[in-house]
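Student: Shown below is the structure under consideration.
Numbering (our numbering), first residue to last: 519 to 675.
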């Protein structure tokens, strides 16, 4: 999907999907498009929650019922951004991941990665948690591409 880095479009928009973006140093999530002037943006083809409503068309798809590693990025009405990601010992369906996000009353949410693509490292300066569904060297052997973009920023608890 579409990728914007330092205000420049690096790749083209895919049909449908939602966005995680940063504009003016403030992160956000949109089910439609990144706002004009976004410095950074990464498109996901899977919109989980739009205006507080679950994307039921997505949850009915066959792949949505598969349990695998998943991640969800969402924003609540106050503008707080939430990042949810399964760990190495946790696999879930799309509905389960969305249900967890609903507990936090998310207004918009996307599912950026799943299965072998889940690759994250979260740090708040004091502690860190990370997970790769498949370690880098093994991805090379299996011919699985590394993620094209990473989300960086100051996190707080």
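Note that CB positions come from ideal geometry on N, CA and C, so glycine has one too.
1. Does at least one heavy atom of the ligand MN sit under 7 Å from the Cβ of residue 530?
2. Less than 6 Å between C-beta atoms, sequence neighbours within five positions excluded: which residues of the same chain meet that for residue 627?
3. Can you find the residues in the same chain that come closer than 6 Å, C-beta to C-beta, to residue 624, ignoring five residues on each side of it along the sequence?
4. Is there a Cβ from chain B that is less than 8 Å from the Cβ of residue 543?
5. Shortest alpha-carbon distance to residue 525 belongs to which of 532, 552, 546?
6. Identify, in the order they occur along the chain, each residue of the same chain with its Cβ nearer than 8 Å to the Cβ of residue 529, setting aside the five sequence neighbours on each side.
7. Suppose only complete runs of 3+ residues qualify. What are the beta strand (DSSP E) ranges in the stretch 532-582, listed by chain order?
8. If you reduce the DSSP assignment to three classes, tell me which class residue 587 lands in.
9. Hey, out of 541, 588, 614, whose CA is closest to residue 555's CA?
10. If I follow the unbroken alpha helix (DSSP H) through residue 626, where does it start and stop?
11. In this structure, does DSSP put residue 654 in helix, strand or coil?
Tutor: Concretely, from the data shown:
1. This structure lacks the ligand MN, and indeed carries no ligand of any kind.
2. Shown here for residue 627: same chain residues with a beta carbon closer than 6 Å to its own, the five before and five after excluded, namely 566, 567, 590, 592, 619 in chain order.
3. If you ignore the 5 residues before and after residue 624, its C-beta comes within less than 6 Å of the C-beta of 567, 592, 594, all in its own chain and listed in chain order.
4. The structure shown contains no chain B; it holds only a single protein chain.
5. Across the set 532, 552, 546, the C-alpha of 552 shows the shortest separation from the C-alpha of residue 525.
6. Non-local beta-carbon contacts of residue 529 in its own chain, meaning distances under 8 Å to residues more than five positions away in sequence, involve 519, 520, 521, 666 in chain order.
7. 536-541, 544-548, 558-562, 565-568, all fully within the stretch 532-582.
8. Residue 587: coil per DSSP, three-state reduction.
9. Relative to the Cα of residue 555, the nearest Cα in the group 541, 588, 614 belongs to 541.
10. Here residue 626 belongs to no alpha helix (DSSP H); instead the beta strand (DSSP E) covers 624-628.
11. Correct three-state label for residue 654: helix.
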